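Encoded as structure tokens, the structure appears first; notes follow it.
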Amino acid sequence: MQRIKLAIATAFVAVGATGGAFAAECGTDRTIDIAEMNWPSAAALAHIHATILEEGYGCNVELVAGDSVPTSASMLSKGRPAIAPELWIGTVQDQWKKGLEEGTVKDAGLAISDGAVEGWWIPAYVAEENPGLKRVEDLPEYAELFADPDDPGQGRFYSCPPGWGCEIANAALFEAYDLEDSFNLFSPGSGGNLDASIVRAFEREEPIVFYYWGPTAIMGKYDMVQLEMPEHDPEVWACNVESSCENKGKSAFPTPPVTVGTAAWLAEEAPVVFDYLSEVALNNVQISKMLNWGAENKAGAEETAEHFLKTEADVWTQWVPADVAEKVKAAL
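FYI, in mature numbering (1 follows the signal peptide of the UniProt record, and there is no 0) the residues of the sequence shown are -23 to -1, 1 to 309.
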């Protein structure tokens, strides 16, 4: 946060010295507050955009703490924060849609170009050694390969931690695919335990079949293959995520849109900023790669963002005019 305060102070000096040149370039002298969400990818993106808007466009920027539900609620009711750099629409779908219709908020564009991803995975080395294992339906034939250490007669499938929404969905799919006779649905107990189990298997090149999602650091580090499921069916999925529904079915996980959400005033007062935000989509591989560097180097969001800006100029310079890119590079 100290970097942000210093940059804001610098911006004010520059405005005073140039007769408002920076404010004109940004489009507004109002503070543009950016939600620093409490998960690694969104936090890093917040710092990336803060740096580019400060140093490249001369905007007055402030980072504020955020999370999907409270941030969207504040944007809808107060017009603040101005930017949510990674808003998972699926968690606030009805409220956000109403806000779009009423004109209080806007979607600048996608934050993750290919959408978030969820599914069941195996290591690439397992897929290469077992070419017949491509679909979830194939798992019963390979139960012995994934033997449960506590129950060797069954395979072990690593599911979601207790309390996560995916726990219900995985249990529904487990039932729909009739896997109870060949596999145990294993709860890792926590997200950290799930990560540790996956990392241990990959490092030892052992077989493992597991639920996971992206973009994440682990997905950026390890080569994994998603098991095929039928195309996503919204009606089937509505039942699969409702524990009391009895007609569980086979369906792929949804690919929810993850957008750059903004308060409506930003597009009106600072269209150049809104246009910039419409160009900033990264794909799962790019974000996962960034997160993996952060995890391996025990780096915080600001340091991870700085590393991305220094090493991925070929990516982010496509988002901005050449003169803006040069200003950011000079500041770095």
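Heads up, the beta-carbon is just placed ideally off N, CA and C, and yes, glycines get one too.
Remember, it's a predicted structure, so these values are computed and weren't measured experimentally.
Candidates Glu273, Phe285, Ser54, Phe160, of which the one nearest Tyr119 by Cα: Phe160
Candidates Leu116, Ala215, Asp252, of which the one nearest Leu30 by Cα: Asp252
Runs of alpha helix (DSSP H) lying entirely within the region 66 to 93, each at least 4 residues, in chain order: 70 to 79
Nearest-angstrom Cα separation, counted from Ile11 out to Val237: 11 Å
As assigned by DSSP and simplified to three states, the class of Asp158: Asp158 carries a coil assignment under DSSP once its states are collapsed to helix, strand and coil.
Any alpha helix (DSSP H) of 4 or more consecutive residues that is wholly inside the region 98 to 134: 101 to 106
Endpoints, alpha helix (DSSP H) assigned at Gly142: 142 to 153
Terminal residues of the beta strand (DSSP E) in which Ile11 lies: 9 to 14
Environment of residue 313 [buried if 16+ CB atoms lie within 10 Å]: In this structure the chain extends from -23 to 309, so residue 313 is not present and cannot be described.
Alpha-carbon to alpha-carbon, Pro231 and Cys143: Rounded to whole angstroms, Cys143 to Pro231 spans 11 Å at the Cα level.
Three-state secondary structure (DSSP) of Leu204: coil
Which of helix, strand or coil DSSP assigns to Phe163: strand
DSSP state of Ile60 mapped onto helix, strand, coil: strand
Cβ separation of Ser45 and Val82, assumed to be a contact under 8 Å, to the nearest whole Å: Not really, about 13 Å apart at Cβ, beyond 8 Å.
Contact under 9 Å by Cβ, Thr5 with Glu246: yes
Three-state secondary structure assigned by DSSP to Gly168: helix
Given residue 392 as reference, the closest of Gly80, Tyr34, Val41 once Cα atoms are compared: With the chain covering only -23 through 309, there is no way to say anything about residue 392.
Close-in-space but distant-in-sequence residues of the same chain around Met14 (CB under 8 Å, 5 per side omitted): Once the five neighbours on either side are set aside, the close Cβ partners of Met14 are Ala20, Ala23, Gly43, Asp44, Ser45, Thr48, Ala61, Pro62, Glu63.
Length of the line joining the Cα atoms of Glu182 and Tyr102: 7 Å
Through-space distance from Thr28 to Glu303, alpha-carbon basis: 13 Å
Alpha-carbon spacing of His26 relative to Phe285, whole angstroms: For the pair His26 and Phe285, the Cα-to-Cα distance works out to about 11 Å.
Between the CA atoms of Ile195 and Ala290 - distance to the nearest angstrom: 23 Å
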